[in-house]
DNA sequence: GATGAATGAGAGTTCATTCAT
DNA sequence: GATGAATGAACTCTCATTCAT
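Protein chains in written order, with the numbering used here: chain A, 1 to 234; chain B, 235 to 468; chain C, 469 to 702; chain D, 703 to 936.
So this is what it looks like as structure tokens:
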């Protein structure tokens with residue numbers, strides 16, 4: 001195992017921002033492929049053709065690099081077009097929001113997992129930029145729920161956090177299973193199914209099991225009676 | 235052949251099984267408090283007043299210890315009384331099953347997390363004892379769902395795996411949030427809410443949303459007729 | 469990995485000699501199969517159904533056990549019938565001795581290697597019983613050489629140690645190669661070839677290249693002259 | 703991420719190649735003095751005033767270091783002047799080659815032993831650089847043997863491998879004995895003796911033994927004839 | 001006589017981080 | 001600005017040996 005020869009002796013001098021960007025890109029790639037567990041600073045350095053020293057010039061800590069990589073990723077995704085309707089049928093709007101969240105997480109599951117399972121546990125998570133970014137992702141779904149509740153279409157007797165946990169629990173659970181190789185899944189179908197269950201679960205009015213049609217019968221009877229009365233009148 | 239005439243402290247001699255049990259207990263404690271990431275064999279040894287050598291006498295690998303700790307925990311919990319009804323109102327049964335799963339996970343969330351997030355990703359997870367144990371936990375809930383589907387009370391048009399992901403996604407999400415210190419949660423309330431949403435989401439019959447619009451149509455017709463009659467009167 | 473159950477709880481009580489013999493047998497087996505490098509006292513204990521403690525009752529040290537195992541093996545082999553002729557053609561006798569040594573080493577190469585490469589390097593090797601035993605093996609060959617030298621059949625101008633190194637060097641070299649899996653070898657052929665080269669190399673008289681036939685020519689000439697003289701006489 | 707603000711001693715900074723060279727030198731020294739058995743990376747580090755970490759920076763494994771140490775040594779020795787004649791008396795050429803091999807091995811017997819007894823047993827020995835290097839050493843002797851065989855000076859009825867085993871067996875046996883402290887030996891004398899025996903052993907023409915019996919036959923015939931003449935006389 | 005639980009020194013290896021150049 | 005040599009604490013795992021029972 002002859003010590004590998006130096007590949008480059010003279011470094012490219014890059015403006016700070018560009019270098020930082022390159023490092024972050026590489027870090028993202030490494031995180032994606034290895035997971036945060038196997039994330040090695042040495043591999044990041046190798047990938048972007050720099051030295052570890054340079055990385056530490058810009059990032060005080062491996063963890064900081066990891067965080068910035070996650071943030072930059074969020075930033076990028078959040079900047080993409082998101083066709084958020086604020087009107088239209090609530091089902092449509094909810095589906096759209098859930099679909100977007102699902103595909104968001106699925107696009108970079110390793111990054112997602114790092115944020116959702118590790119960073120979120122960090123005591124100063126709430127002070128991080130990514131905390132706000134993540135809130136925004138959640139908000140895109142929860143604002144629809146809130147709208148539904150305000151319009152009276154959704155019940156208001158359940159704590160928001162629980163609704164959030166159900167929706168995002170389903171989304172993440174599905175993604176982790178996919179990550180583990182337990183078969184692929186269709187974002188479209190999953191989003192549709194989750195939306196469906198949530199809509200039914202949240203809809204106001206008596207549940208179908210309580211026979212909504214009863215209500216209708218009663219109303220019909222009343223109206224029929226009304227009818228007869230009117231008929232009798234003439 | 236280094237060890238040659240030294241002074242050694244021979245602490246407590248315990249029968250094998252007892253020692254093994256102590257080690258597993260300590261391992262569980264360490265896992266609970268540090269998580270599998272920061273799980274050190276040295277700490278386990280210290281806690282139960284042995285040497286690391288002793289631990290390695292009984293467990294070929296740190297990971298094996300971790301796995302056995304998890305398995306013994308599952309075993310213990312699964313052995314507890316579980317009042318599984320196979321009859322009675324489906325809502326009641328589902329609530330009970332979900333409640334049990336929630337409290338199961340919540341009792342030792344770090345262990346849970348190790349099993350659900352790390353072990354589950356292991357290629358030979360399916361060959362582990364804990365795989366079967368975990369299946370049993372899931373089965374307690376899913377058998378109720380299956381019963382509901384068979385009785386016609388629950389819809390059968392959704393893939394089981396999705397239903398499972400929604401239920402356990404909600405359960406776990408809630409637990410991780412609690413783990414992160416995002417406030418406590420009431421197992422009773424959570425279980426009730428999850429049950430409620432799932433029941434509504436799964437119930438057969440037209441969704442209440444669809445029913446409502448139907449109803450509205452019919453009422454409109456009736457009212458329209460009424461209208462005409464009244465018009466005719468004048 | 470459930471800690472394996474105890475197989476036996478109550479030990480067989482054996483007379484000292486029998487126990488020692490059993491241990492030595494097991495040690496020999498382990499040495500043969502694993503080599504001295506991978507020789508584990510635990511494996512020895514397991515093989516003869518005792519505990520390591522018992523082994524240490526009889527052998528102060530792992531190395532002592534190893535040595536006794538080797539000695540017992542030598543003893544056994546040396547006790548076997550060895551048809552050592554002290555008369556007869558020297559070539560025959562040498563072949564026989566070399567053949568015996570070769571098959572001796574080849575029968576248990578791992579043990580051999582331990583003795584020849586490790587023990588022999590030990591400072592107190594000369595005080596060990598096996599030293600004498602090994603001398604005996606070497607002697608069986610070297611006594612033939614000595615006899616050859618005394619009878620004048622072999623040259624005496626080479627140091628004995630060198631002759632020994634040549635003969636046993638060839639024997640061992642061949643055996644190690646075989647051990648490494650570099651093909652098998654025929655003890656018969658090897659012994660024959662080594663014998664042949666050594667005989668030629670050691671034979672007295674002018675070497676064939678130095679024209680032995682010269683001598684014959686001279687004798688022939690002399691006899692011819694004698695002949696003529698006799699003829700002339702008649 | 704443990705290392706955080708500590709005082710560290712930064713000894714000497716050396717260019718990679720130089721550091722590698724130093725490590726290899728130290729490794730060679732340790733191997734020479736302790737043998738591969740007692741070869742400790744910690745001792746290597748200490749000797750060249752570095753940390754073990756540095757060693758592992760350049761050598762992925764202790765074994766790799768060992769191998770490279772051996773290779774560098776071989777390389778060094780092979781690079782030295784070797785006055786290989788391709789003509790001249792075969793005895794001279796053989797002596798020279800054997801002498802060179804003997805002194806080669808004797809200069810660093812522990813390294814030799816590592817290569818010849820351990821590395822050679824490694825399954826991927828044939829893919830190592832040192833395999834080729836060692837072949838070259840053997841070739842220097844065996845090419846002379848081959849030349850002798852082609853010229854008809856040496857017999858061709860013995861397998862090459864056997865001849866090789868005899869020559870190198872003798873060489874190595876002698877060296878190990880020396881290693882064990884069984885007295886020194888003169889490379890010159892040993893080479894001469896080995897050469898002598900091998901030359902005699904390999905020379906073509908009837909062996910002196912066979913020649914002798916021939917001669918005896920012829921003399922017997924002559925004497926018989928003489929006898930008859932004498933008888934006739936009387 | 002026998003057991004087997006217990007030990008502990010230390011081996012090899014990893015990697016985030018530092019800082020002289 | 002960039003490098004990459006250097007570090008060392010930490011970690012997992014091994015196994016000959018001891019000795020209470």
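Built from N, CA and C at the ideal position, the CB exists for glycine as well. The structure presented is a predicted model; accordingly, all values stated were derived computationally and were not measured.
Residue i and residue j closer than 8 Å at C-beta
i	j	result
residue 881 of chain D	residue 813 of chain D	no
residue 147 of chain A	residue 90 of chain A	yes
residue 569 of chain C	residue 667 of chain C	no
residue 904 of chain D	residue 857 of chain D	yes
residue 29 of chain A	residue 47 of chain A	yes
residue 505 of chain C	residue 513 of chain C	no
residue 409 of chain B	residue 339 of chain B	yes
residue 364 of chain B	residue 305 of chain B	yes
residue 895 of chain D	residue 626 of chain C	yes
residue 535 of chain C	residue 596 of chain C	yes
residue 226 of chain A	residue 460 of chain B	yes
Rounded Cβ spacing between residue i and residue j (contact assumed at less than 8 Å)
i	j	result
residue 353 of chain B	residue 359 of chain B	6 Å
residue 98 of chain A	residue 141 of chain A	6 Å
residue 23 of chain A	residue 55 of chain A	6 Å
residue 731 of chain C	residue 542 of chain C	A query on residue 731 of chain C cannot be resolved here, the shown segment of chain C reaching from 469 to 702 and no further.
Residue i burial status per 10 Å Cβ neighbour count (16 or more: buried)
i	result
residue 134 of chain A	buried
residue 632 of chain C	buried
residue 692 of chain C	exposed
residue 177 of chain B	Outside the displayed range of chain B (235 to 468) lies residue 177 of chain B, so it cannot be described from this structure.
residue 932 of chain D	exposed
residue 495 of chain C	buried
residue 424 of chain B	buried
residue 778 of chain D	exposed
residue 313 of chain B	exposed
residue 169 of chain A	buried
residue 373 of chain B	exposed
residue 96 of chain A	buried
residue 8 of chain A	Here the model assigns residue 8 of chain A a pLDDT of 42, short of 50, so the residue's position is not dependable, and the following value carries that caveat. Residue 8 of chain A is exposed by the Cβ-count criterion.
residue 508 of chain C	exposed
residue 679 of chain C	Note that residue 679 of chain C scores a pLDDT of 43, beneath 50, so its modelled location is shaky and nothing firm can be said.
residue 16 of chain A	exposed
residue 195 of chain A	buried
residue 320 of chain B	exposed
residue 715 of chain D	exposed
residue 576 of chain C	buried
residue 537 of chain C	buried
Cross-strand partners of residue i (DSSP beta bridge)
i	result
residue 671 of chain C	C:622
Contact test: residue i Cβ vs the ligand FMN heavy atom, cutoff 7 Å
i	result
residue 13 of chain A	For the structure depicted, the ligand FMN is absent and the ligand set is empty, with no information on it obtainable.
Which residues, taken in chain order from the stretch 362 to 394 of chain B, show a beta carbon closer than 7 Å to some beta carbon of chain A?
Of all residues in the stretch 362 to 394 of chain B, the ones placed with a Cβ closer than 7 Å to any Cβ belonging to chain A are 392, in chain order.
In the stretch 543 to 568 of chain C, which residues sit with their C-beta less than 8 Å from some C-beta in chain D, listed in chain order?
Answer in chain order: 559.
Identify each residue in the stretch 630 to 659 of chain C for which the Cβ-Cβ distance to at least one residue of chain D is less than 9 Å, and report them in chain order.
So the close ones are 630, 631, 632, 633, 634, 635, 636, 637, 638, 639, 640, 641, 642, 644, 645, 647, 648, 649, 650, 651, 653, 657, 658.
Check each residue of the stretch 98 to 121 of chain A: if its Cβ is closer than 7 Å to any Cβ of chain B, include it; give the result in chain order.
From the stretch 98 to 121 of chain A, only 117, 120, 121 have a Cβ closer than 7 Å to chain B.
Which residues, taken in chain order from the stretch 21 to 43 of chain A, show a beta carbon closer than 7 Å to some beta carbon of chain B?
Listed by position along the chain: nothing, the set is empty.
Near-chain D residues of the stretch 513 to 547 of chain C - C-beta to any C-beta below 9 Å:
Cβ contacts with chain D: none found.
Scan the stretch 454 to 468 of chain B for residues whose Cβ lies nearer than 9 Å to a Cβ of chain A and list them as they occur along the chain.
Within the stretch 454 to 468 of chain B, the residues whose Cβ lies closer than 9 Å to any Cβ of chain A are, in chain order, 456, 457, 459, 460, 463, 464, 466, 467.
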